[in-house]
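Below is one structure, written out as structure tokens; comments come after it.
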Amino acid sequence: MLQTVVFLIVYVGISILLEGFSVAQIVKGLLATVIYGLLMYGISRKKDQ
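Letter by letter, the sequence shown follows residues 33 to 81 of this note's numbering.
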């Protein structure tokens, strides 16, 4: 979970620096983070089983 939060902060920070502050960028960042988070969660669940 902490990794996902760090990833989100870094991603949003970089995208703001590169493309300026915009709602579309934030939405894309959130979607990317949700997908990334779900993938990481799924992978960690598979390792435990």
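The beta-carbon is built from N, C-alpha and C at its ideal position, and this holds for glycine as well.
As the structure is a computational prediction, the values presented were derived from the model and not from experiment.
So residue i and residue j are in contact, right, with Cβ under 8 Å, and what is the actual spacing, rounded?
{"i": "G61", "j": "V44", "result": "5 Å"}
By how many angstroms is the C-alpha of residue j removed from the C-alpha of residue i?
{"i": "S47", "j": "I75", "result": "26 Å"}
{"i": "Q81", "j": "L34", "result": "22 Å"}
{"i": "V66", "j": "R77", "result": "16 Å"}
{"i": "Y17", "j": "K79", "result": "A question about residue 17 goes unanswered here, because the residues of the chain that appear run from 33 up to 81."}
{"i": "Y73", "j": "T36", "result": "10 Å"}
{"i": "L49", "j": "L70", "result": "26 Å"}
{"i": "L63", "j": "S54", "result": "15 Å"}
{"i": "K57", "j": "V42", "result": "According to the sequence displayed, residue 57 carries Gln and not Lys. Spanning the two alpha carbons is a distance of roughly 13 Å."}
What did DSSP end up calling residue i once you bin it into helix, strand or coil?
{"i": "Q81", "result": "coil"}
{"i": "S47", "result": "helix"}
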